[in-house]
Structures are given as C-alpha cells and as structure tokens.
Amino acid sequence: MVTNQVKTTCSYCGVGCGIVVKKDINNKVFVEGDKDHPVNKGMLCSKGMNLHYVVNDTSDRILYPEMRWSRSHPRERVSWDDALDRASSVFKSIIKKYGPDSVGFYVSGQSLTEEYYIANKLTKGFLGTNNIDTNSRLCMSSAVVGYKKTFGEDSVPISYEDIELADCFLITGANPAWCHPILFRRIEKRKEENPDVQIIVIDPRKTDSANFADLHLQLIPGTDVVLYNAIGRRLFERGLIDEKFIKYHTEGLVLYKDLIFSTSVKQASKLCGVPEKDIKKAADIIGLSKGFISMWAMGLNQSVVGTDKNVSLLNLSLITGQIGKPGSGPFSLTGQPNAMGGREVGGMANLLAVHKDLMNEEHRREVAQFWGVDKISDKPGYTATEMFEALESGKLKAVWIACTNPLVSLPNIHQIERAMKKAKFVVVQDISHKSDTVDYADLVLPAAGWLEKEGTMTNSERRISYLPKEIDSPGEARPDVEIFCDFAQRMGFRGFNYSNTSEIYDEYASMTKGTNIDVSFLNYDRLKNEGTFQWPVPEYRHQGTPRLFEDKKFYTSSQKAQFNLPSTIKNTSVQPSEDFPLILTTGRVRDQWHTMTKTGKVSRLKTHYPTPVLEINPVDAYLCKLKDGGIAEIKSENGVVRVRAKITDTIKKGVVFLPMHWGKRLQSDLNRTNNLTNTYVDPVSKEPDFKFTCVSVSKY
Ligand code: SF4
Numbered sequence: 001m002v003t004n005q006v007k008t009t010c011s012y013c014g015v016g017c018g019i020v021v022k023k024d025i026n027n028k029v030f031v032e033g034d035k036d037h038p039v040n041k042g043m044l045c046s047k048g049m050n051l052h053y054v055v056n057d058t059s060d061r062i063l064y065p066e067m068r069w070s071r072s073h074p075r076e077r078v079s080w081d082d083a084l085d086r087a088s089s090v091f092k093s094i095i096k097k098y099g100p101d102s103v104g105f106y107v108s109g110q111s112l113t114e115e116y117y118i119a120n121k122l123t124k125g126f127l128g129t130n131n132i133d134t135n136s137r138l139c140m141s142s143a144v145v146g147y148k149k150t151f152g153e154d155s156v157p158i159s160y161e162d163i164e165l166a167d168c169f170l171i172t173g174a175n176p177a178w179c180h181p182i183l184f185r186r187i188e189k190r191k192e193e194n195p196d197v198q199i200i201v202i203d204p205r206k207t208d209s210a211n212f213a214d215l216h217l218q219l220i221p222g223t224d225v226v227l228y229n230a231i232g233r234r235l236f237e238r239g240l241i242d243e244k245f246i247k248y249h250t251e252g253l254v255l256y257k258d259l260i261f262s263t264s265v266k267q268a269s270k271l272c273g274v275p276e277k278d279i280k281k282a283a284d285i286i287g288l289s290k291g292f293i294s295m296w297a298m299g300l301n302q303s304v305v306g307t308d309k310n311v312s313l314l315n316l317s318l319i320t321g322q323i324g325k326p327g328s329g330p331f332s333l334t335g336q337p338n339a340m341g342g343r344e345v346g347g348m349a350n351l352l353a354v355h356k357d358l359m360n361e362e363h364r365r366e367v368a369q370f371w372g373v374d375k376i377s378d379k380p381g382y383t384a385t386e387m388f389e390a391l392e393s394g395k396l397k398a399v400w401i402a403c404t405n406p407l408v409s410l411p412n413i414h415q416i417e418r419a420m421k422k423a424k425f426v427v428v429q430d431i432s433h434k435s436d437t438v439d440y441a442d443l444v445l446p447a448a449g450w451l452e453k454e455g456t457m458t459n460s461e462r463r464i465s466y467l468p469k470e471i472d473s474p475g476e477a478r479p480d481v482e483i484f485c486d487f488a489q490r491m492g493f494r495g496f497n498y499s500n501t502s503e504i505y506d507e508y509a510s511m512t513k514g515t516n517i518d519v520s521f522l523n524y525d526r527l528k529n530e531g532t533f534q535w536p537v538p539e540y541r542h543q544g545t546p547r548l549f550e551d552k553k554f555y556t557s558s559q560k561a562q563f564n565l566p567s568t569i570k571n572t573s574v575q576p577s578e579d580f581p582l583i584l585t586t587g588r589v590r591d592q593w594h595t596m597t598k599t600g601k602v603s604r605l606k607t608h609y610p611t612p613v614l615e616i617n618p619v620d621a622y623l624c625k626l627k628d629g630g631i632a633e634i635k636s637e638n639g640v641v642r643v644r645a646k647i648t649d650t651i652k653k654g655v656v657f658l659p660m661h662w663g664k665r666l667q668s669d670l671n672r673t674n675n676l677t678n679t680y681v682d683p684v685s686k687e688p689d690f691k692f693t694c695v696s697v698s699k700y
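Just so we're aligned: 469 in UniProt numbering is position 469 of the sequence shown, and the numbers increase by one with no gaps anywhere.
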C-alpha cells in the first residue's frame, strides 16, 4: 500500500527527468516517470526506472564517521564531533604552516546547488584559496570556454522543446541513445513524425545514435576542427549562410573565412578520413535546414583541443544564423545532473559565483563584499588534474573529496594513487563504501543520498528543479551541506549558521540579481508549488526563459557573437607510434553510471554490458592476433589493462574503445580503463584528453 508520493528529479544524467517517488508502509521506495514533467513526460530510461533499488539497498552505505590517527592504523568509528574537530584542527595547522593554497576541495557535478555554493563560499571566501574544482572539469569545461568565447558567457541557448521544432540535428562525440536516452527518445519521435528531419552523427564508432542517423561521418579521432571547417567552407561555397545575421550580429568573420578557405574539402576529407561527398552532404543538409541544432558531449570536450573543437562547432551556428530562434542553436549535453548548477555557483577553480570571473578584479571585489570577507585570492586554484599533481609533488597537503570517485574516474590512475598516498590528510565524504577512493581516506564522512536531503539542481537546458527530502538517511549520514557548514563553523568562520537549506538557496539567488542568470525571483515556494523553471527568472511572476538570444543581443561587450579561430587545426595530442599504434577512446555504456557505486548495485542493469570489453576493428584484431572473446592486453605509456576483446566493425580501423566505469572494487585493478589514459589537458579548459591515448594491443 502506498502511503504518500512526492515529485523529484532523477539523480543521474543532465537530462533531468521528473520522477514520482512513492513509499509503502515499510518505507520502501518505488519510482515512476512524472507524466506532468516537461522534460520526460512520464518516460524514464533503464537507470532512472531502477533508482529505487539503489535507495532501498543500504548494504553498501557508509553509516558513521571513521578516522585513523596514522596511516599504520586502521580507521575506527568516531563521533561526528571528533571527526569534524579533527578535520578542522588538521586544516588549521596545515594552513598555518604552509598557507591556504596547501589545502583543496574536489567536489562533484552530482552535488546539489546549495552544497556546491557552500563548498565554494567556504573555500574561496573563507579558507582563502581557489583550490576547489569538480569532476565537471572532466565533462563540460571545454564547452564552457567555447560558450564564453562565442557568446560572452557560459550560456546554453536552447531548450528541449526546440527538438520538436528542428529539422536538422548534428550530433558530435556523443551517444545520446545510450547516455541521454530520454532526450534521444524525443529526437527519435521528432524523426518518426517528420521523416524529412535529418540526423547527422560524427563519431569514430558506429553507436546506436549513429545507427539511427541519416548520415554517419566516421572521422579519425581528434580531427573535428578540420571537419567543421570543411563544412563551413562548403556552406560558403553553396551560399548557404545567413549574411544578414553575420553582418549585424557577429564579429570576426574575415579571419574565420580565411582559415576555412585555406583547406579544401578534398584535403579535409583526407585529414579526417571522411569521404568528401559525405562532408558536402552534411553541409548541404545543415545549410538547407530551417532549424539546425548541434549537440555534443565528451567526444568533443575531452580533448587537448577541446576548446578549439567547441569554438569551431559554434562557428557553424553563427554562419548559418541558427541561434536565438525556434528549433535552432548549439546544445551541449551535460553528463551530470547538476554540472550546470555547479557552474552557476562558481564551483570550479577558475570561476566565481553567478558566472563572475576569477581573473576580474571588480568581480572578486563584488563577491568578497557579498560574503563579507576582505578579499578573494587572485591566484587561480588547482583544476582537477592539477590538484592531484600538486598532491603528488607535495605542494598540496590536504584534500577533501566529496561525492566523486577519482580513483576510477581521473586519467592515469597510477598517478592518482601515488598522489593520494603522498597526501598528508585525505577526507572522503561519500555515500558508499564501494568507492575506490574511500580506501585512501584518513577521515570518512557519511553523506546523505538522493531523497535523503533537499536542494536544487539545474539540468542541461537551464531548468532548475527542487528535490525534496523524503526519507531519512541510514545510520549517522548527514546532508553534504550540513557537513560543510558544521566544518566551517568549527574553523571559526561566520556566515555558515543557516537554519535551513532554503536560506542558502535564497542567499545564492539574491547574489544573481541583475546578472544574466538572475533567479532572484525564484524561491523554494515557487519551485515546490509551480514546478521547474529555466533561468533567468528575473521578475516577479516571471515564468522562466526557454530560449536565450532571441533579441540577437549576446553577452559580449559589443553584444555581438564572436567568430573564434582554433589555436590549431591539428590534434596536438601525442600521435600513434610504432610502439603504441592504436588510438584508445573511452566512454560510457547504456545502463551504467560513472563509477558504478549506484548502478553497479542493480543486477538487471548488469545484463546489457556485464563486464568491460575492448572494442576493436576486425583488421586491427587480425594484426594483433586477437580472437573474439579472447583476452586482450592493452598497454600505454602509463599502464596496462587486460579485458576480453569484442571484434566489431562498428569501430573505425586504428581506433579501440574501452568503457570507463569499472574500478578495482568492482573488477580488478587490471580492468581499469584509466590505468592507460594520458595526463594531457586542453591548455585553456584544462579538460583531460580521455578520447585520445596511444596504445598497443596484443593477445594475452
Ligand atoms: Fe535519469 Fe537521464 Fe535516464 Fe532521465 S535520461 S531517467 S535523467 S538517467
């Protein structure tokens, strides 16, 4: 018998589906899609529809704080007072001895906005360091830089409802059929109802998304910039550009045009391994469409030239004038449920809250004044990979890791292991003992999970939703925001004595007043009573903003969108060699989420892709003497992986694929894909180069 029900939002991907949660008399939870929700209209993917198993099974949960006094002793159960007193005393003494930049926080795109805001305020405002970064660095930071360079601010211009108005989709480096399933259902429906709608997928793998497409451009990894420029050139040659939009609403065309005309479509075809006729066809489809949407995810962002790829793709929206009108615009597909909310509150090492810029003195002064502190440091903090490099080198002494599992998800895991061993003090705040990162913790803090705390999140289309607390946490677990505030007060900082989460949200919302992400007229009452809203919500009774730039005024100083040139058209990653002749690209599988601490608990989610396998083209498999199902040994400069081989012509010759989810706890340390991945990052976005590591493959 169902006792009550509440509405909330899925805790997995950035699509942000609405979920109805029901409880029976034994407090067991059930979930179903929210038919009234504008995002999913009742649909849920395999991960979302099995969320109740994750909530009801508490066998892996961290139930109480655990601490060890030295590395030679095991951790033991302690009280919250002892745990947070120890944390504050260690942080105080390290900061006193080595300065504020000797400590750092590594947080998560799964954190709620209020948690992100408080962690950011604590670190930048009160600890006096900008050493706070997030696993969103691994996901969207190249897109953030692209948006800022092109539009003047990190702003996703469109809504999911534009999907139903578009007639051309260009999907690059993403497999939304698996990784953003409910969004992809909307694209499929659009195509089914309007067969003339055209879908182009650019990907070295023939994914389920590519199988559904009208045109699949199976490029050589890393050559996206060349391909986009060739499409741009063809659009010019065919006269399929919007001259009026370019003239009145953009700047920088001349240099861009020079660049794209410096390489012929034929030359580009050779460089990217895509037939010339297909490049021309793609350009013609885009140029002749009335509504053109580009979508992309990690395949574009996780690259040493991630920023270059992003600006080059955005240039296509500018030359076609396909922005600020129904059914058109660029649309980055956020991986995590609240990566967008984290960006809003400045939860990255180079950002400040409300999209203010850390490198802008006036912005630092405004934020410091708002928080009532003397100043914000002008020194950029360590980004995700820099933070662990700094731990390894000894520059960073203490790290506080919340809601993320870097011992599986960061590149070059062996380096992360060395870094964690070298750290003087490691705090891990998480829900599950199955996180590999917990093994390295001096202090483990049990956090509340989904449904066990309240707060807000922002999905990929700028939609803010309220998530209620519906059940109590097991054991002594506490909401992350409460843990951060308690720690801050033990550090002696004022400004963290909130009586509820709503006060934290209101503080952040008041900070947005007058900015481009103004939500100062949105509060918990409106979110609870009226549902979700897309920012900005700048006035009383404002219903939110589904589409940005309809007035063609951009957030740059001239109000014009900017054509940007890539710093290079080449992929600057280390190229294949005799020793490491194949390109490894990594990614996700349909039914698993990140490092599987949640989805790994659900048996039915393991049937689709039960163990990690190496996808390899038949020609490469033959050269490596590999048989289908045989064990492959994959080596890079950084490490080794051994998994079964799956021989398939869905992957381009010269490229191999491994899924990123499995860690030591779930399989073995020889199954971890990130044993292999390189440590290169994009020089601007600092996003790691997960999609291009040179490897060798042999039969084991
Ligand atoms: Fe959850 Fe994403 Fe699936 Fe929707 S598409 S149910 S948000 S995992």
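Every residue gets a Cβ at the ideal spot worked out from N, C-alpha and C, and that includes glycine.
Just so we're clear, the structure is a prediction, and the values are computed from it rather than from any experiment.
Contact between the stretch 291–304 and the stretch 169–182: three or more CB pairs below 8 Å?
Between the stretch 291–304 and the stretch 169–182, the count of C-beta pairs closer than 8 Å reaches three or more; the two stretches touch.
Please say whether residue 252 and residue 562 have beta carbons closer to each other than 8 Å?
Remark: C-beta atoms of residue 562 and residue 252 approach each other more closely than 8 Å.
Which partner residues of residue 652 appear in the DSSP bridge assignment?
Note: residue 652 is not bridge-paired with any residue in the DSSP secondary-structure output.
Is residue 182 near ligand 3, judged by its Cβ being under 7 Å from some heavy atom?
The model depicted lacks ligand 3 and carries ligand 1 instead.
With a threshold of 8 Å on Cβ separation, who are the neighbours of residue 618 within its own chain once the five nearest residues in sequence on each side are excluded?
Cβ within range, chain order: 647, 648 and 649.
Where the beta strand (DSSP E) containing residue 331 begins and where it ends:
Segment 329–332, the beta strand (DSSP E) holding residue 331.
What's the gap between the Cα of residue 596 and the Cα of residue 266?
Roughly 44 Å separates the two Cα atoms.
Distance cut-off 7 Å: residue 219 Cβ against heavy atoms of ligand 1:
Closer than 7 Å to some heavy atom of ligand 1: that does not describe the Cβ of residue 219.
Tell me which same chain residues have a C-beta within less than 6 Å of the C-beta of residue 493, skipping the five on either side of it?
Within the same chain, residue 493 has close Cβ partners 126.
Residue 476, enclosing alpha helix (DSSP H) - first and last residue
That residue, residue 476, is in no alpha helix (DSSP H); it is neither H nor E in DSSP.
Hey, which unbroken runs of the beta strand (DSSP E) at 3 residues or more fall wholly within the stretch 144–191?
Qualifying beta strand (DSSP E) stretches, in chain order: 168–172.
Taking the alpha carbon of residue 718 as the point to measure from, which residue in 303, 601 and 312 has its own alpha carbon closest?
With the chain covering 1 to 700 only, the question about residue 718 has no answer from this structure.
Does at least one heavy atom of ligand 1 sit under 7 Å from the Cβ of residue 709?
A question about residue 709 goes unanswered here, because the residues of the chain that appear run from 1 up to 700.
With burial defined as no fewer than 16 other Cβ atoms inside 10 Å of the residue's Cβ, what is the status of residue 322: buried or exposed?
When all chains shown are included, residue 322 counts as buried.
Minimum C-alpha distance to residue 52 - residue among 75, 368, 258 and 24
Taking only the C-alpha atoms, the option nearest residue 52 is 24.
For residue 189, is the beta carbon positioned less than 7 Å from some heavy atom of ligand 1?
Residue 189: no, Cβ never under 7 Å from ligand 1.
To test your reading of the DSSP string, which unbroken alpha helix (DSSP H) runs of 4 or more residues are found completely within the stretch 522–603?
Listed in chain order, the alpha helix (DSSP H) elements of length 4 or more contained wholly in the stretch 522–603 are 524–530.
Just the Cα atoms here: how many angstroms apart are residue 426 and residue 214?
Distance between residue 426 and residue 214, taken at the CA atoms: about 50 Å.
Is it a yes or a no for the stretch 412–425 touching the stretch 458–469, going by three-plus beta-carbon pairs under 8 Å?
Look at the beta carbons and you see the stretch 412–425 not touching the stretch 458–469: under three pairs across the two are nearer than 8 Å.
Is the beta carbon of residue 688 sitting closer than 8 Å to the one on residue 479?
Against a cut-off of 8 Å, the Cβ pair of residue 479 and residue 688 comes out as no contact.
Do you know how far the Cα of residue 75 is from the Cα of residue 332?
A straight-line Cα-Cα distance of about 42 Å links residue 332 and residue 75.
Cα-Cα separation between residue 354 and residue 330, rounded to whole angstroms
Answer to the nearest angstrom: the Cα atoms are 22 Å apart.
Cα-Cα separation, residue 395 to residue 684:
In this model, residue 395 and residue 684 are separated by some 22 Å (Cα to Cα).
Do residue 177 and residue 208 count as a contact pair if the criterion is CB distance below 8 Å?
Residue 208 places its beta carbon less than 8 Å from that of residue 177.
Is it a yes or a no for the stretch 128–137 touching the stretch 339–352, going by three-plus beta-carbon pairs under 8 Å?
Below 8 Å, enough C-beta pairs join the stretch 128–137 and the stretch 339–352 to call them touching: three or more.
Considering just the uninterrupted stretch of the beta strand (DSSP E) at residue 632, what are its terminal residues?
Per DSSP, the unbroken beta strand (DSSP E) holding residue 632 starts and ends at 631–635.
So residue 307 is in the alpha helix (DSSP H); what residue range does that whole segment cover?
In the DSSP annotation of this structure, the continuous segment of the alpha helix (DSSP H) that includes residue 307 starts and ends at 306–319.
Let me know the secondary structure DSSP gives residue 220 once reduced to three states.
Coil at residue 220, not helix or strand.
What three-state label does DSSP hand residue 336 in the structure shown?
Residue 336: coil per DSSP, three-state reduction.
Determine the direct distance from the alpha carbon of residue 507 to that of residue 366, and round the result to whole angstroms.
When rounded, the distance between both Cα atoms is 14 Å.
How many Å lie between residue 363 and residue 91 at the Cα?
Their Cα atoms are separated by approximately 27 Å.
Measure from the alpha carbon of residue 558 to the alpha carbon of each residue in 83, 158 and 150, then state which is nearest.
Checked all of 83, 158 and 150; the closest Cα to residue 558 is 150.
With a threshold of 7 Å, establish whether the CB of residue 45 neighbours any heavy atom of ligand 1.
Because some heavy atom of ligand 1 lies under 7 Å away, the Cβ of residue 45 counts as near it: yes.
Going by the C-beta, is residue 40 closer than 7 Å to any heavy atom of ligand 1?
Judged by the Cβ position, residue 40 qualifies as a neighbour of ligand 1 at the 7 Å threshold, a heavy atom of the ligand being closer than this.
If we ignore side chains and look at the alpha-carbon of each, how far apart do residue 393 and residue 419 end up?
Rounded to whole angstroms, the gap between the alpha carbons of residue 393 and residue 419 is 8 Å.
Is residue 436 closer than 8 Å to residue 191 when the C-beta atoms are compared?
Cβ distance not < 8 Å, so residue 191 and residue 436 don't count as in contact.
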